[in-house]
Amino acid sequence: MKGKRRIEYWLSQERWWEFLSRGSITEIKKPIWIDWIALYSALSKIWSTLNEIGKEGMSDYMRSSRLRDSLEVLGAEFAKSGLDIPPIPGTDVRPEEYEKAFEDFIVNVFGAS
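Each residue of the sequence shown is one higher than the one before, counting from 52 in the numbering used here.
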């Protein structure tokens, strides 16, 4: 709240569904309501992780661990909002290959690279 006036934002269902359905989630039924705070929190976690792993000196194992953790948060928050996403790359992906699996997953979900 700023001053005495409450600030609210609104986006039509068609516009937010267009944003969310660019990737692989187009097959699911359009939800009536989205928990934007949870989704934003998950996406913010991914952004923070990408900034963190961009620093020098982090091993492949640590990078893959941080990426995996952020994808688990994303998966949980999307599930709470009723949005299905493909399976998150798991422990079967070798640490040195996880960044590529992460990138492929993000492209698959959001339909952009």
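For every residue, glycine included, the Cβ atom is placed at its ideal position computed from N, Cα and C.
Computed from a predicted structure; not experimentally measured.
Requested in this report: Assign Arg145 to one of three DSSP states: helix, strand, or coil.
Outcome: Working through the sequence shown from its first residue, we reach residue 145 at position 94. Residue state, collapsed to three classes: coil.
Requested in this report: Over the uninterrupted alpha helix (DSSP H) stretch that includes Leu101, give me the two end residues.
Outcome: Working through the sequence shown from its first residue, we reach residue 101 at position 50. Note, Leu101: alpha helix (DSSP H), 87-104.
Report task. List the endpoints of the continuous alpha helix (DSSP H) containing Met113. Result -> Taking the first residue of the sequence shown as 1, we reach residue 113 at position 62. Its alpha helix (DSSP H) spans residues 111-131.
Query raised in the report: CB-CB under 8 Å to Pro137, same chain, minus the five flanking residues each way: which ones, in chain order?
Result: The residue given as residue 137 occupies position 86 in the sequence shown. Same-chain partners within the cutoff: Ser75, Phe156, Asn159, Val160.
Query raised in the report: Buried or exposed: where does Ala127 fall if 16 or more other Cβ atoms within 10 Å of its Cβ makes it buried?
Result: Mapped onto the sequence shown, residue 127 falls at position 76. Ala127 should be labelled exposed.
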